């Protein structure tokens, strides 16, 4: 039996597929932070020593725009809730000069990115 994608994974894939279709240069500059993996306690301690941190948002565009150093996006499903560590990270990133937002659903992720890069908003492809 194959593994099933989580709803949050699906929405991020939809958002990035949309951006790849309409704005490939913007999509190419996106970095996904793979913080959601499950692991053993031993390997978890190794990852922590390597710099993995709680609360880091799902996506980063390390491209300065306007007065921002880059864009951090925490992507959530419509039922998703922001954890305390995620809220803290977003606040700290904003204080450090980044645009740092939570976006609910693939369309909102795409809208936030389009607004940040000052390009026309597009509809997420289904």
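Numbering (our numbering), first residue to last: 233 to 358. Don't be surprised by glycine CBs; every beta carbon is placed ideally from N, CA and C. In this text, all values refer to a predicted model and were calculated from it rather than measured experimentally.
Residues that residue 321 bridges to, as DSSP identifies them = Mapped onto the chain shown, residue 321 falls at position 89. Paired residue(s): none; residue 321 is not in a bridge.
query = Quick one, are the C-beta atoms of residue 308 and residue 241 less than 8 Å apart?
reply = Here residue 308 corresponds to residue number 76 of the chain shown, with the count starting at 1. Here residue 241 corresponds to residue number 9 of the chain shown, with the count starting at 1. With respect to residue 241, residue 308 sits apart: the two C-beta atoms are not nearer than 8 Å.
query = Taking three-plus beta-carbon pairs below 8 Å as touching, is the segment 249-267 in contact with the segment 317-331?
reply = Between the segment 249-267 and the segment 317-331 there are fewer than three C-beta pairs closer than 8 Å, too few to call the two in contact.
query = Under the DSSP definition of a beta bridge, which residues are partnered with residue 306?
reply = Along the chain shown, one-based indexing puts residue 306 at 74. 334.
query = In chain order, what residues of the same chain have a beta carbon less than 6 Å from the beta carbon of residue 292, not counting five sequence neighbours either side?
reply = Residue mapping note: residue 292 aligns to position 60 of the chain shown, counting from 1. Leaving aside the five residues that flank residue 292 on each side, the residues in its chain whose CB is nearer than 6 Å to its CB run, in chain order, 263 and 304.
ask   = When the Cα atoms are used, what is the spatial distance from residue 250 to residue 280?
value = Taking the chain shown and counting its residues from 1, the one referred to as residue 250 is at position 18. Taking the chain shown and counting its residues from 1, the one referred to as residue 280 is at position 48. Straight across, the Cα-Cα distance linking residue 250 with residue 280 is about 33 Å.
task = Check the DSSP bridge columns for residue 297 and list the partner residues they point to.
result = On the chain shown, residue 297 is found 65 positions in, with the first residue counted as 1. BP columns for residue 297 point to 300.
ask   = Is any heavy atom of the ligand NAP found at a distance shorter than 7 Å from the C-beta of residue 283?
value = Inclusion of the ligand NAP in the displayed structure is not the case, the ligand content being empty and no account of it being possible.
message = Short of 6 Å in beta carbon distance, which residues of its chain neighbour residue 318, apart from the five on each side in sequence? Order them along the chain.
response = Your numbering for residue 318 matches position 86 in the chain shown. Contacts found: 287 and 306.
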